[in-house]
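J.: Please read through the structure below; I'll follow up with questions.
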Amino acid sequence: SRCLDVPGQRLALREPLALRQIWEVGKLYPEEFNSSRQQKLLRLILPLLSKPSSRGESVCIQPTNLMVDLAGELLKETRGQAICMVMPLESYLLSVAKKGLETIRRIVELGAFWAKAMGLPNPRTTFQSAAVFWAHHMNRLREVMQQAPGRTASLDFERFLAAPEAYLNHAV
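All residue numbers for the sequence shown refer to this note's numbering, where the first residue is 135 and numbers rise by one.
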């Protein structure tokens, strides 16, 4: 998100805690916290998050991979656009290998959660869990891009790393 933040032009908010908590509560308590309650909270929070700090500035929210499930709701509740960063499985697994223990535990939990939701056997290794989470993530990104075709674009992770300025000047 640091490369997205350009004072006076664009304010980048990295992984807003409020959005993460809305996502987590929705996953932990799906019966009590249905989509209409989620939408009400988003309608309260998004105007606050999207308020620029200075005139003429835009706001860019960079959510975590966890919040890919909220992407459709965010697009419904705003006039914003989404840039969906995609990476090959190999690159994703290498990035997982570099993560700390807490993140790896979370990936294992999410892999089990999504494997069950996708009708797959329970993953037995961290990399199996990561692969399941990656598959869910990529499927969800495709759905979001189909849902709002004029407001979404994909961004290739490896090309972005090779020339971030070229992508940012064109995409954002």
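Every residue, glycine too, gets a C-beta built ideally from N, C-alpha and C.
Within the chosen definition, does the region 249 to 269 reach the region 156 to 169 through at least 3 CB pairs nearer than 8 Å?
T.: No: the two stretches stay apart, fewer than three of their Cβ pairs being nearer than 8 Å.
J.: As a quick exercise: from F291, R258, R177, R239, pick the residue whose alpha carbon is nearest that of E207.
T.: Cα-wise, what sits closest to E207 is R177.
J.: Put S187 into one of helix, strand or coil per three-state DSSP.
T.: Reduced to three states, the DSSP call for S187 is coil.
J.: Within 10 angstroms of the Cβ of M201, are there 16 or more other Cβ atoms? Answer buried if so, exposed if not.
T.: Per the 10 Å Cβ criterion, buried.
J.: Could you please give me the residues that DSSP links to A146 through a beta bridge?
T.: Note: A146 sits in a beta bridge opposite C194.
J.: Give the straight-line distance between the Cα atoms of A300 and L289, rounded to the nearest whole angstrom.
T.: The alpha-carbon atoms of A300 and L289 are separated by roughly 12 Å.
J.: Do E191 and L145 have their CB atoms nearer than 8 Å?
T.: Yes, these two residues count as a Cβ contact at 8 Å.
J.: Under a Cβ-count criterion, where at least 16 other Cβ atoms within 10 Å of its own Cβ denotes burial, should Y226 be classed as buried or exposed?
T.: Under this definition Y226 is a buried residue.
J.: With DSSP as the reference, label R138 as helix, strand or coil.
T.: Position check: residue 138 holds Leu in this sequence, whereas Arg was assumed. Three-state DSSP puts L138 in coil, outside helix and strand.
J.: What number of angstroms, rounded off, separates the C-alpha of F247 from the C-alpha of L162?
T.: Each residue's alpha carbon lies about 11 Å from the other.
J.: Can you find the residues in the same chain that come closer than 7 Å, C-beta to C-beta, to V159, ignoring five residues on each side of it along the sequence?
T.: Correct list, in chain order: F167.
J.: Just tell me which of V230, I195, P141 has its CA closest to the CA of T259.
T.: Of the candidates V230, I195, P141, the one whose C-alpha sits nearest the C-alpha of T259 is V230.
J.: Between the alpha carbons of A264 and L153, how many angstroms are there, rounded?
T.: Distance between the alpha carbons of A264 and L153: 22 Å.
J.: Tell me the residue span of the alpha helix (DSSP H) that contains M272.
T.: Start and end: 260 to 281.
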